[in-house]
Every structure is written in C-alpha cells, then in structure tokens.
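Sequence lines, in order, name chains A and G.
Here the first sequence stands for residues 115 to 348, numbered as in the numbering used here.
Here the second sequence stands for residues 115 to 348, numbered as in the numbering used here.
What follows is one structure encoded as structure tokens, with my remarks underneath.
There are 2 protein chains.
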Amino acid sequence: MEETRMVEIKQSVLAANDEKADGFRALLKQAGTLYTDIMASPGAGKTTLLLALIDTMRKRAQVVQAPEPKFGVIEADLESMVDAEKIKAASIPSVELNTHGVCHVEMGMVERSYEAFKQGGLTPFDYMFLENIGNLVCPAEFDTGAHNRVMLLSVPEGYDKVYKYPPMFAVVDALIVTKCDYLPLNPDFDMEALKKQASVLNPGIRIFVTSARTGEGMDELAAWFEELRANIVK
Amino acid sequence: MEETRMVEIKQSVLAANDEKADGFRALLKQAGTLYTDIMASPGAGKTTLLLALIDTMRKRAQVVQAPEPKFGVIEADLESMVDAEKIKAASIPSVELNTHGVCHVEMGMVERSYEAFKQGGLTPFDYMFLENIGNLVCPAEFDTGAHNRVMLLSVPEGYDKVYKYPPMFAVVDALIVTKCDYLPLNPDFDMEALKKQASVLNPGIRIFVTSARTGEGMDELAAWFEELRANIVK
Numbered sequence: 115m116e117e118t119r120m121v122e123i124k125q126s127v128l129a130a131n132d133e134k135a136d137g138f139r140a141l142l143k144q145a146g147t148l149y150t151d152i153m154a155s156p157g158a159g160k161t162t163l164l165l166a167l168i169d170t171m172r173k174r175a176q177v178v179q180a181p182e183p184k185f186g187v188i189e190a191d192l193e194s195m196v197d198a199e200k201i202k203a204a205s206i207p208s209v210e211l212n213t214h215g216v217c218h219v220e221m222g223m224v225e226r227s228y229e230a231f232k233q234g235g236l237t238p239f240d241y242m243f244l245e246n247i248g249n250l251v252c253p254a255e256f257d258t259g260a261h262n263r264v265m266l267l268s269v270p271e272g273y274d275k276v277y278k279y280p281p282m283f284a285v286v287d288a289l290i291v292t293k294c295d296y297l298p299l300n301p302d303f304d305m306e307a308l309k310k311q312a313s314v315l316n317p318g319i320r321i322f323v324t325s326a327r328t329g330e331g332m333d334e335l336a337a338w339f340e341e342l343r344a345n346i347v348k
Numbered sequence: 115m116e117e118t119r120m121v122e123i124k125q126s127v128l129a130a131n132d133e134k135a136d137g138f139r140a141l142l143k144q145a146g147t148l149y150t151d152i153m154a155s156p157g158a159g160k161t162t163l164l165l166a167l168i169d170t171m172r173k174r175a176q177v178v179q180a181p182e183p184k185f186g187v188i189e190a191d192l193e194s195m196v197d198a199e200k201i202k203a204a205s206i207p208s209v210e211l212n213t214h215g216v217c218h219v220e221m222g223m224v225e226r227s228y229e230a231f232k233q234g235g236l237t238p239f240d241y242m243f244l245e246n247i248g249n250l251v252c253p254a255e256f257d258t259g260a261h262n263r264v265m266l267l268s269v270p271e272g273y274d275k276v277y278k279y280p281p282m283f284a285v286v287d288a289l290i291v292t293k294c295d296y297l298p299l300n301p302d303f304d305m306e307a308l309k310k311q312a313s314v315l316n317p318g319i320r321i322f323v324t325s326a327r328t329g330e331g332m333d334e335l336a337a338w339f340e341e342l343r344a345n346i347v348k
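Shown next as structure tokens:
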C-alpha cells in the first residue's frame, strides 16, 4: 500500500519535472545556449574532462580567430564545493548546486542555479554544462532540461557496465570513455564489446574515447559540441 | 505539498525497513553468521575484492587446518546477472537479487534472498555478504540488516570523496581502499588526507589499503572479518 502511494507520488513529481524541463530547454535554445547534462559514477572524471574540454574549445576558437565562447557550469554536489572550486580556479563562471544529500538533480534546482547566473549578469552562455551528482543510477530518471545528455565511463571502472546500469546507457546521447591512458594497465578492458553492447541498447549513441591527461579524443569531442550548438542556433 | 508527502512516506518506509533490519540482524547472529553489506561506486571492484577475500579466508583456514568457512553471497544488480555469474564460477553459493532499476537494497529483498538460500538447504553460513547496487549515495540510507557495513573506494576514483559523499563515509564501519596497484599512476592520490578526512567524519572507521591484483592488504582484511565473526558467535 505504501509502496503504491510512493510510486504514484513519484510519477506525479516526475511529470511536473518533465513539463518544467521542456520549457527550460526552449528558453535556452532561444538564448543560443547549448545545454548539456554530464552524468557518471563518482570518480569517473567529470570535472577533469570538463576542464579539458573547455580548454580545448577555447584554443580551437583562437586558432580560427573566433571570439572565445562563453561557458557556464552548474556544479552539483551532495554537500561540498570541491568541484565548484576547481571550475572557478579555471576562470569559468560557475554556480554551486548543493543538493543536501539528494541523489540527483531536478528542474527546480536547475532553475534556481540559472537564475543565479542571470542575477550575476553572466547569461546568455554559448555552452552551459551541468555536472550532475556522481551516481550512475538515479540521475537517468530525471530530465534536467538539457539539450543533450552525456555519460562518462572511466577505463578503471571496467567495460562490463552496459548490462549492469542499462537505464543510464539508454537515455544518453553520448558515451564518453575517460581515462584511456589507463588502458595499458587494463588488458581485460574490451573496448569493442563495450561499444557493441552500448550500441545495441542505444542505437543512436555516439561514443568518444578520451583521456584528459594525454588529450586523446578531446578535439573530436569539442567538434561534436560545436556541431550540436550550430544546430541549436541555426 | 507533494514534496512533503513524499518525505513523510519515505520516512515511514524507512522506519518499517529499520524494524525488519533489527530482527534480521538478530536472526543471523543466532545462526552464527557474520553478515556484511558491501557498498561502493560502480567499478570500484566489489566483486573482485569479494572473490579475493573469500579466497584468502579459505587459504587461511587451510593453513591452521580449520574447516573451510561456509560463505554465501547476495549479488544485487539493477537488471543483469553479470556479477552473480562470476561468484558462481568461483563455487560460492550465491543468490541473484535483481532490483529492477531500484537504486538500493531494502529489507524485503534481503529476506527473499535469504529465504532462497534456506530453501536451497545452504544456510547457515559462517559469513554472508551482500554486494549492494553500485551507488555511493542511496544505499547509505537503507539498513539492510547487516552486522557491519563496509565501503570501497578505488584509487582511480580519487582521494577527494569524503566531503563529496559524506553520508556513505559516515555510516560504514570500514573503508577499504581498492586498486592500490594503480597508485604509481596517481601521484596526486593523497592517502594520508583521505585517511584523515574519513577519520574526522567517522572517528571509529577502520581503513584497509588493498589490491586484489597483488594481494596487498588481503590478510589484514581477512583477519578483521575473522575477529568480527568471533565476536558474533562468542
């Protein structure tokens, strides 16, 4: 009985969340902002990848003498500000989103974070990223109003995660394999099997093989984001 | 309003769960079984550590010519049986607990799993392990009726997780640092800071530094489990 009530309430919470998400997505498209939700396990390298990606995108703009893109990062954490401080140190506008123990990010939190950016006179952005809570399970269920959702899987976690965490692999637009500089230490990591399993579960999924440490794959990833943004603003 | 209702129902679900957990804990103590809940992020090495630990405990029993301990493993997974198959391949009695997408394990699931062991004539065990869902957030909230709760943190995840996932670090009896053979690749991994932060948050926490690949720390860990069981059965 209680379980049924819980499920009913959860469904109505999710429905209200989805409605807000659609509105937010449209708002950011209008502002010319490509908004990406980044999800992964704890320690998969979300903050490190984000720093490397933004650095790569800034350099690519320099090379073609384009204006530097404007970035904003929402840093979600259960309790602390560890990641937000790293982002700030790289001179990237960021908002600390403290969920106070909640295992995922919901639309109300996103809206409050964006409002903080607006009040600080920092919007509109060309690219906004949400670094979600480190959790490969719950965030998959909650639409955060993003235009695209990506997940990271780090090489040391192992390649056999598609069947174990299918909801996450099913909802994302891209799988970014991180820490590929660890591959020599992981002879059992079967990249082809991972790619095949992910593509069977989610036929449209894009897969990037990267290492923030060596720079591997960062240009391809940056080019993909540039292309996605071009589709948003056209 | 809906959020309030959700919180109320969650609290009453948690209270019912805790009551069942106390009864189950007493039942297993009476049976002479030390029951441990193992929690960690996806890919921290739960299954691999468990296989190495059981192997070490079997060998330690042989050395002192004691009877081989009886082990049972509940393998929780969102959807698949990947881990349960690895446990079976090592001739360890196991039950596959499929949570169908639920992000943590609750008492009803534990009771049904134990009943399956009983009906298979496999109980009582000397040691029963629950490999919880790979999630460093939600399982911390749910008492699974275990006598002790441990968490794994793998070296590639990074040492800065105490402030980011405090509920998990706060509830466990032991922190098992895994994949220490990766330390040479992670010069920034500050083991002393990790130990200090974990001990400040949770003063009673035991910390083990291990590698299932090299065997580092496995004897100390096995000895700790033997000591805990001696306290249960005395």
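Where is the CB? At the ideal position from N, CA and C, for every residue including glycine.
Nearest-angstrom Cα separation, counted from residue j out to residue i
i, j, result
"G:I290", "G:S325", "10 Å"
"G:M115", "G:E122", "Note on G:M115: pLDDT 45, under 50, position unreliable in the model; the coordinate value appears next. For G:M115 and G:E122, the distance between alpha carbons rounds to 11 Å."
"A:L266", "G:C252", "20 Å"
"G:A288", "G:S313", "10 Å"
"G:A230", "G:E133", "21 Å"
"G:A337", "G:R174", "9 Å"
"G:N131", "G:R226", "14 Å"
"A:G146", "G:N316", "47 Å"
"A:Q144", "A:P181", "20 Å"
"G:V323", "A:V127", "42 Å"
"A:D304", "A:L297", "10 Å"
"G:F339", "G:V347", "12 Å"
"G:L335", "G:A190", "22 Å"
"G:S194", "A:G318", "22 Å"
"A:C217", "G:C217", "10 Å"
Test item: CB-CB of residue i and residue j under 8 Å
i, j, result
"G:L192", "G:G215", "yes"
"A:G222", "A:G157", "no"
"G:V224", "G:L244", "yes"
"G:K184", "G:F239", "yes"
"G:V285", "G:A254", "yes"
"G:M332", "G:L167", "yes"
"A:L211", "G:L299", "no"
"A:N246", "A:V219", "yes"
"G:Y241", "G:L148", "yes"
"A:I321", "A:K310", "no"
"A:L165", "A:K200", "yes"
"A:L236", "A:P280", "no"
"G:D274", "A:V196", "yes"
Paired residues, beta bridge with residue i - DSSP
i, result
"G:Y296", "According to DSSP, which records beta bridges pairwise, G:Y296 is partnered with nothing at all."
"G:G146", "DSSP output for G:G146 lists no bridge partner at all."
"A:G186", "A:M242"
"G:I346", "None; G:I346 has no bridge partner."
"G:R172", "None, per the DSSP bridge assignment."
"A:F322", "A:I290"
"A:G248", "A:A154"
Nearest to residue i (by Cα), restricted to the options the options
i, options, result
"A:G137", "A:N316, A:T258, A:D302", "A:T258"
"G:G272", "G:R172, G:E255, G:P281, G:T292", "G:T292"
"A:Y209", "A:V219, A:G186, A:E220, A:C217", "It is worth fixing the name first, because residue 209 of chain A is Val in this sequence and not Tyr. Of the listed residues, the one whose Cα sits closest to A:V209 is A:G186."
"G:D154", "G:Y296, G:M282, G:A198, G:A204", "In the sequence on display, residue 154 of chain G carries Ala and not Asp. Nearest option by C-alpha distance: G:M282."
"A:R263", "A:A129, A:T150, A:K160", "A:T150"
"A:K160", "A:A135, A:A198, A:P181", "A:A198"
"A:Q125", "A:L342, A:F256, A:P280", "A:F256"
"G:K232", "G:E334, G:I188, G:K348", "G:I188"
"G:E330", "G:M195, G:R139, G:D295", "G:D295"
"A:T328", "A:T170, A:R139, A:I152, A:A129", "A:T170"
"A:N345", "A:H261, A:K202, A:A204", "A:H261"
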